[in-house]
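**Q** Here it is: the structure, laid out below.
In our numbering, the protein residues as written are 3 to 379.
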């Protein structure tokens, strides 16, 4: 072969190599471009949450509170006058009748005042009789012209003054009689003595409690509870029946309904006072007896959720629901009551709903979530 032939062969091989390299680069560029075109954007990872599946179930309301028996009607009786207590016939536990004398204070001063008032009335009556006779006499003389009009008018004035003094004396007499009557303390109604506040020989003030009586027929079971739970049905117009039994003997029981709920909590104990009116209270349920109260009511099906599931939306309770597509949405609910570590939902949820119970503060509407293994879904 000639030198020229070798030179042409060499240049031909170089050209082929360059062409091959160009083709490879082009293929690589087009492949990269295709991959870039088909690549998908990054998808945020679904948040991991805990959840429970809703299963409503009827709940027998068995809330129990401890209280005591008290009278519905109770009255502290005291004197309208101050004085020394000379007699107290009433004793604790004694049955008394309306109008019965329960106690007396020293009455000698008031008897003296009564006698003085009676004397004043008698004197005023005598003056009136004399003035009346003088008016009749002067009237006859005036008619015959034997006296002046001025003399008759003076006599008539004396008559009217005597009448006014008699009226005043009679009022004083009535007041003296009332004050004497006030030295005795009478029962306002049939009842039983539950307490006494003074002993014989003691000086008592106006209005001081001397005897306390209560109506034994109408009794309340009074409870102090941490929240006004018993009032829920009452406010809804369906007062629940309360079963009340003696702590010392639970077999002795009766029923009643709530008649009064304190509108505010006690400042010291932060409890509400609930009064239950008892029907046919047994004799064993004496005033002061310790009792247990239980709500005898089967409520509509409710859902029990941990407190961590509750979310606040515009000041109203709501929960996060996980849909079939694993997206969450906020759903308002109605809370029947709050308990120590859970809430009782009365409406807003359906059986089978999946409720997020942990991680609720990180969620947004329609966000995808993953439920932890071993949880609801």
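We put the beta carbon where it would ideally sit given N, CA and C, even for glycine. Remember, predicted model here, so these are calculated numbers, not experimental data.
Between which two residues does the alpha helix (DSSP H) harbouring residue 147 extend?
**A** Neither: residue 147 is in no alpha helix (DSSP H) and is coded neither H nor E.
**Q** Quick check on this structure: which residue in 109, 278 and 228 has the alpha carbon closest to the alpha carbon of residue 221?
**A** Comparing Cα-Cα distances from residue 221 to each of 109, 278 and 228, the minimum goes to 278.
**Q** Which two residues bound the contiguous beta strand (DSSP E) that contains residue 210?
**A** No beta strand (DSSP E) holds residue 210; DSSP gives it neither H nor E.
**Q** From which residue to which residue does the beta strand (DSSP E) around residue 187 run?
**A** From DSSP, the beta strand (DSSP E) with residue 187 extends over 186-188.
**Q** Going by the DSSP bridge assignment, what does residue 247 pair with across the sheet?
**A** Note: residue 247 sits in a beta bridge opposite 255 and 294.
**Q** Out of 307, 370, 73 and 313, which one is the CA nearest neighbour of residue 342?
**A** For the residues 307, 370, 73 and 313, the minimum Cα distance to residue 342 belongs to 307.
**Q** How is the beta strand (DSSP E) around residue 356 delimited, first residue to last?
**A** Taken as a continuous stretch (DSSP letters only), the beta strand (DSSP E) holding residue 356 covers 356-360.
**Q** So does the stretch 111-124 actually touch the stretch 143-160, counting three or more Cβ pairs closer than 8 Å?
**A** Not touching, per the Cβ criterion.
**Q** Can you find the residues in the same chain that come closer than 7 Å, C-beta to C-beta, to residue 94, ignoring five residues on each side of it along the sequence?
**A** So the qualifying residues of the chain are 195, 196, 197 and 198.
**Q** Could you work out which residue in 269, 325, 360 and 303 is closest to residue 312 when comparing CA atoms only?
**A** Minimum Cα distance to residue 312 is reached at 360.
**Q** Suppose you measure from the CA of residue 183 to the CA of residue 128; what does that come to, to the nearest Å?
**A** When rounded, the distance between both Cα atoms is 28 Å.
**Q** With DSSP run on the structure shown, which of helix, strand or coil describes residue 410?
**A** A question about residue 410 goes unanswered here, because the residues of the chain that appear run from 3 up to 379.
**Q** When the Cα of residue 106 is compared with those of 205, 138 and 140, which residue comes out closest?
**A** Per the Cα distances, 205.
**Q** Can you tell me which residues form a DSSP beta bridge with residue 97?
**A** BP columns for residue 97 point to 194.
**Q** Could you tell me whether the Cβ atoms of residue 191 and residue 75 are closer together than 9 Å?
**A** It is a contact, given that the beta carbons lie within the stated cut-off.
**Q** Is the beta carbon of residue 329 sitting closer than 9 Å to the one on residue 266?
**A** Not closer than 9 Å, so no.
**Q** Quick one: residues in its chain with C-beta nearer than 7 Å to the C-beta of residue 228, no 5 flanking neighbours on either side, listed in chain order?
**A** Within the same chain, residue 228 has close Cβ partners 273.
**Q** So, for residue 383: in the same chain, excluding its five sequence neighbours on each side, which residues have a beta-carbon less than 7 Å away from its beta-carbon?
**A** Only positions 3 to 379 of the chain appear in the structure, and residue 383 is not among them; the question remains open.
**Q** Can you confirm whether the stretch 331-340 touches the stretch 349-356 when touching is taken to mean that 3 or more C-beta pairs between the two stretches lie within less than 8 Å?
**A** Yes: at least three Cβ pairs fall under 8 Å.
**Q** Look at the alpha carbon of residue 1 and the alpha carbon of residue 218, and state the distance between them as a whole number of angstroms.
**A** Any property of residue 1 remains undetermined from this structure, which presents the chain solely from 3 to 379.
**Q** Exposed or buried, what is residue 148 when buried is set at 16 or more other beta-carbons lying within 10 Å of its beta-carbon?
**A** It is exposed - the Cβ of residue 148 has fewer than 16 other Cβ atoms within 10 Å.
**Q** Count the other CB atoms within 10 Å of the CB of residue 260; is the residue buried (16 or more) or exposed (fewer)?
**A** When all chains shown are included, residue 260 counts as buried.
**Q** How is the beta strand (DSSP E) around residue 338 delimited, first residue to last?
**A** Residue 338 -> beta strand (DSSP E) spans 336-340.
**Q** Which class does residue 47 belong to by DSSP, given the choice of helix, strand or coil?
**A** Three-state result, residue 47: coil.
**Q** Tell whether a beta-carbon distance below 9 Å holds between residue 159 and residue 126.
**A** Cβ atoms of residue 159 and residue 126: not closer than 9 Å.
**Q** Could you give the distance in angstroms between the alpha-carbon of residue 98 and the alpha-carbon of residue 188?
**A** In a straight line, the C-alpha of residue 98 is about 10 Å away from that of residue 188.
**Q** State yes or no: is the C-beta of residue 193 within less than 9 Å of the C-beta of residue 82?
**A** Taking 9 Å as the Cβ cut-off, residue 193 and residue 82 do not qualify as a contacting pair.
**Q** Considering only the beta carbon of each residue, do residue 314 and residue 56 sit closer than 9 Å?
**A** Not in contact: residue 314 and residue 56 (Cβ atoms no closer than 9 Å).
**Q** Which one or two residues does DSSP pair with residue 275 in a beta bridge?
**A** Answer is 226.
**Q** Could you tell me if residue 145 is buried or exposed, where buried requires 16 or more neighbouring beta carbons within 10 angstroms of its beta carbon?
**A** Flag for residue 145 reads exposed.
**Q** Leaving aside the five residues before and after residue 120 along the sequence, list all residues of the same chain whose C-beta is less than 7 Å from its C-beta, in chain order.
**A** Once the five neighbours on either side are set aside, the close Cβ partners of residue 120 are 175.
**Q** Sort 84, 100 and 270 by Cα distance to residue 226 and report the nearest one.
**A** When only C-alpha atoms are compared, the closest one is 270.
**Q** Does the distance from the C-beta atom of residue 133 to that of residue 215 stay below 9 Å?
**A** Not in contact: residue 133 and residue 215 (Cβ atoms no closer than 9 Å).
**Q** Grab me the residues of residue 136's own chain with a C-beta within less than 8 Å of its C-beta, minus the 5 sequence neighbours each way, in chain order.
**A** Excluding residues within five positions, the ones whose Cβ falls inside 8 Å are 157, 160 and 161.
**Q** Grab the span of the beta strand (DSSP E) containing residue 319 for me, first residue to last.
**A** Counting along the chain, the beta strand (DSSP E) containing residue 319 begins and ends at 318-324.
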